[in-house]
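Data first, discussion second: the structure below is written as structure tokens.
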Amino acid sequence: ETSHHTSKESCWIILHDFVYDVTELLDSHPGGKQIILKHAGYDATEVFEHFHSADTLEKHLKP
């Protein structure tokens, strides 16, 4: 089902086996919305861990 949420209107990503709706974060993401949209609908754990600290999920996202 996550593969249906790949647009700026509805953007979901998978991180550490949890699904996150990141639609509201697109415009405020410091790295730009394009990087999130590129991985929308899929497991973005590897890319996420490369750029973010371990506590980023707890601070900014809830499954």
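As numbered in UniProt numbering, residues 1 to 63 make up the sequence shown, in order.
All C-beta atoms in this analysis are idealised placements derived from N, C-alpha and C, irrespective of residue type, glycine included.
How big is the Cα-Cα spacing for H50 and H4? Mapped onto the sequence shown, residue 50 falls at position 50. Mapped onto the sequence shown, residue 4 falls at position 4. Looking at the two C-alpha atoms, the distance is approximately 25 angstroms.
Helix, strand or coil for D43? Go by DSSP, reduced to three states. Residue numbering aside, residue 43 sits at position 43 when the sequence shown is read from its first letter. D43 sits in a strand when the DSSP states are folded into three classes.
For I36 and L15, the rounded distance between their alpha carbons: Start at 1 with the first residue of the sequence shown, and residue 15 comes out as number 15. Start at 1 with the first residue of the sequence shown, and residue 36 comes out as number 36. When rounded, the distance between both Cα atoms is 12 angstroms.
Specify the secondary structure class of L57 as computed by DSSP and reduced to three states. Counting from one through the sequence shown, the residue named residue 57 turns up at place 57. If DSSP states are grouped into helix, strand and coil, L57 belongs with the helices.
Between F18, V22, D17 and E1, which lies nearest to E9 when the distance is taken from Cα to Cα? Position 9 of the sequence shown holds residue 9. Distances from the CA of E9 to each of F18, V22, D17 and E1 were compared; the closest alpha carbon is that of V22.
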